[in-house]
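Asks: Have a look at this one before I ask anything.
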Amino acid sequence: MQPTELRRMYQLEDSYWWFVGRRRLVRRLIERFAPERESLRLLDAGCGTGGTLEALTRLDSLGEVWGCDLASEALQLCRRRGFDRLKQSRIETLDFPDEHFDVVVSCDVLEHVPDDECAIGEIVRVLAPHGIAVLTVPAHRWLWSQHDEALDHLRRYETRPFRELLEDAGLQIELYSKAVAISMPAILLAVAYRRIRRLFSGGEKARQTALFELPRPLNSALIWMLEVEAWLMRYVSLPIGASLVAVARKPHKPESA
3 MQPTELRRMY QLEDSYWWFV GRRRLVRRLI ERFAPERESL RLLDAGCGTG GTLEALTRLD
63 SLGEVWGCDL ASEALQLCRR RGFDRLKQSR IETLDFPDEH FDVVVSCDVL EHVPDDECAI
123 GEIVRVLAPH GIAVLTVPAH RWLWSQHDEA LDHLRRYETR PFRELLEDAG LQIELYSKAV
183 AISMPAILLA VAYRRIRRLF SGGEKARQTA LFELPRPLNS ALIWMLEVEA WLMRYVSLPI
243 GASLVAVARK PHKPESA
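Next up, the structure:
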């Protein structure tokens, strides 16, 4: 990711609806599905500027919390938040022991990775038996926009292939749903606007994300909508949305004869 986009993310991450809503969802999923242990070891694989790390450290059940990211600029911003359990590492080659973590979180990371199958294999490797991976990725190729290009995305995922990617790695799906559903009409309008503007702009413009500060009432309303979605996911898998969310568990090894 471009350093300018990392800095923008750092500035907005504590308040912007997308980040706030996603962190709250991830926290709820960990509380619901994480192994029942007195102290959990957690890895944020692709921790970015540290907003998710900061939110998850408030969980009572968490003990050892680590973050890793490929970008040195991102890790510097994590250190500004006071984190020191950090490693510079690609998600395809995680610099951690086998079966070390009870929870691995990876939010909007796999779409950046050339070999996402290898990355999932590494997540499985560092997960302890019965541990969970909490994953989010952008959904639907037809939603591709300049926002994806500015964030150096390589792909957006379709529903069935992403599920198969997890299952082929030996993970058991505990929850699988689309997300950011209630705001889909606004997202569709924004994508259409960016495409039309690009069409009539007469050439390539500088790549730029759709991250910008919103009026407080609108930002609060969008956070509330994501809270409603998180509640609904306790009962149903949402059929539409701009993201995919998965909780996948590493099964216990079969007992030897």
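Using the numbering used here, the first residue of the sequence shown is number 3, and each one after it goes up by one. From the three backbone atoms N, C-alpha and C, an ideal C-beta is built for every residue, glycine too.
1. Give the secondary structure of Ala-42 by DSSP, where H, G and I count as helix, E and B as strand, and everything else as coil.
2. On the CB-based measure, 16 or more other CB atoms within 10 Å of its CB, does Glu-137 come out buried or exposed?
3. Please list, in chain order, all residues of the same chain as Ser-179 whose beta carbon is under 6 Å from its beta carbon, the five residues on each side excluded.
4. Going by DSSP in three states, Pro-253 sits in which element: helix, strand or coil?
5. Mapping the DSSP letters down to three states, classify Phe-103 as helix, strand or coil.
6. Name the two residues that bound the continuous alpha helix (DSSP H) containing Thr-59.
7. Would you report the Cα separation of Leu-44 and Arg-25, rounded to the nearest angstrom?
8. With a cut-off of 8 Å, does the C-beta of Pro-219 fall near any C-beta of chain C?
9. By the DSSP assignment, the alpha helix (DSSP H) with Thr-302 in it spans what residues?
10. How many angstroms separate the CA atom of Ala-47 from the CA atom of Ser-147?
11. Start and end of the alpha helix (DSSP H) containing Ser-74?
Replies: Straight from the coordinates:
1. Within the sequence shown, residue 42 is the residue found at index 40, counting from 1. Going by the sequence as given, residue 42 is Leu instead of Ala. Shown here, Leu-42 sits in a strand according to DSSP, grouped into three states.
2. Residue numbering aside, residue 137 sits at position 135 when the sequence shown is read from its first letter. Note that residue 137 corresponds to Leu in the displayed sequence, not to Glu. Burial of Leu-137 is indicated by the presence of at least 16 other C-beta atoms within 10 angstroms of its C-beta.
3. As a first step, residue 179 must be located in the sequence shown, where it is residue number 177. Contacts found: Met-235, Ser-239, Leu-240 and Val-247.
4. If you number the sequence shown from 1, residue 253 lands on position 251. Correct three-state label for Pro-253: coil.
5. Indexing the sequence shown from 1 puts residue 103 at position 101. Strand.
6. Here residue 59 refers to the residue found at position 57 of the sequence shown. Counting along the chain, Thr-59 sits inside no alpha helix (DSSP H), nor does DSSP assign it H or E at all.
7. As a working note, residue 44 is residue 42 in the sequence shown. As a working note, residue 25 is residue 23 in the sequence shown. Distance from the CA of Leu-44 to the CA of Arg-25, rounded to the nearest whole angstrom, comes to 14 Å.
8. Checking the listed chains, one finds no chain C in this structure; it contains a single protein chain.
9. In this structure the chain extends from 3 to 259, so residue 302 is not present and cannot be described.
10. As a first step, residue 47 is located in the sequence shown; it is residue number 45 there, counting from the start. As a first step, residue 147 is located in the sequence shown; it is residue number 145 there, counting from the start. Computed Cα separation, rounded: 25 Å.
11. The residue given as residue 74 occupies position 72 in the sequence shown. Unbroken alpha helix (DSSP H) run through Ser-74: 74–82.
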